[in-house]
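**Q** Dropping the structure in here first, questions after.
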Amino acid sequence: LRGHLSSVRCLAVQQEAGDSLILVSVGGRAEVRLWRLALDTEGRIGALPLAKKLLRGVDKKKPWREAAEERREDPETRVMAVSCLPGQGGAVSVLLACSDAFLRLLRWQEGDSSLELLQEQGAGAHCLLQVVICGAHYALTGSTGGVRCVWRVAEGVVARLTEEPVHQSGVNCVQVAERGAGEHLVLTGGDDCALVLCSLRETGGGVELCREWTSSSWRHGAQ
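Take any residue in the sequence shown, count from 1 to its spot, add 29: that is its number in the working numbering.
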């Protein structure tokens, strides 16, 4: 699949009805592209480009007054990680963890050639390295400051619920596994060479995180 202006950094997929998939690819220059992958009648994989967006707003020219009033991203902003989840009416919601410490929510609707930027939510003072979907309505992010945040994602709105320092510095990887109804296991690995395992439980007003295990007695020899 060709079309990105620069190197491809990360991918995410979203299952559609039938055998087709939505593939989200993110590359340099903060560029996001959507593709549909499906099997043809001969069993071969076919790809159809659906939409694209450049976060810095160079998709189209705007009147100078309008352009001067909008929020301008850092020209060096990079998308570090991407996750996606299904929306209503066949829409796809895309979450981007960005180097300027913002979590961005975009939405694509069938027939659109671009993605709509719904929200930009600040996540502190550190670059976001990871974003992972947890269940139907939550997302987790990890930053270079070692902080893990839990977000609620519902009806086109992102809201930060809680945050906790889990590593001395960068949260380099996050994995989530369902443990039972309303409960998940969250495993993170960091620059401090440690692994941290927590349980996440849904409560009436949000979520509760409990640390269950850490690799304090044995650690990796490097990040």
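Built from N, CA and C at the ideal position, the CB exists for glycine as well.
1) Does the region 180–188 come within contact of the region 126–138, defined as at least 3 CB pairs closer than 8 Å?
2) Alpha carbon to alpha carbon, how far is GLN159 from GLY199? Give it in angstroms, no decimals.
3) Look up LYS89 in the DSSP assignment and say whether it is helix, strand or coil.
4) Taking only the alpha-carbon atoms, compute the straight-line gap between VAL87 and VAL108 and give it to the nearest angstrom.
5) Would you tell me roughly how many angstroms separate the C-alpha atoms of LEU114 and ALA46, rounded to the nearest one?
6) Tell me the DSSP secondary structure of GLY6 in three-state form.
7) Give a yes or no on whether the C-beta atoms belonging to LEU229 and HIS213 are separated by under 8 Å.
8) What does a CB cutoff of less than 8 Å around SER172 pick up in its chain, not counting 5 residues either side in sequence?
9) Skipping 5 residues on each side, what residues in its chain have a beta carbon closer than 6 Å to that of VAL37?
**A** A quick look at the data gives this:
1) yes
2) Per the coordinates, the alpha-carbon of GLY199 lies some 10 Å from the alpha-carbon of GLN159.
3) No answer about LYS89 holds up, because its pLDDT of 45 lies below 50 and its placement is not dependable.
4) Note that VAL87 has pLDDT 40, beneath the 50 cutoff, so the model's placement of it is unreliable and no number is given.
5) 14 Å
6) Because the chain is modelled from 30 through 252, residue 6 falls outside the range shown and cannot be assessed.
7) yes
8) Excluding positions up to five away in sequence, the list reads ALA130, ALA152, GLY153, HIS155, CYS156, LEU157, LEU158, CYS178, GLY199, VAL200.
9) SER54, GLY56
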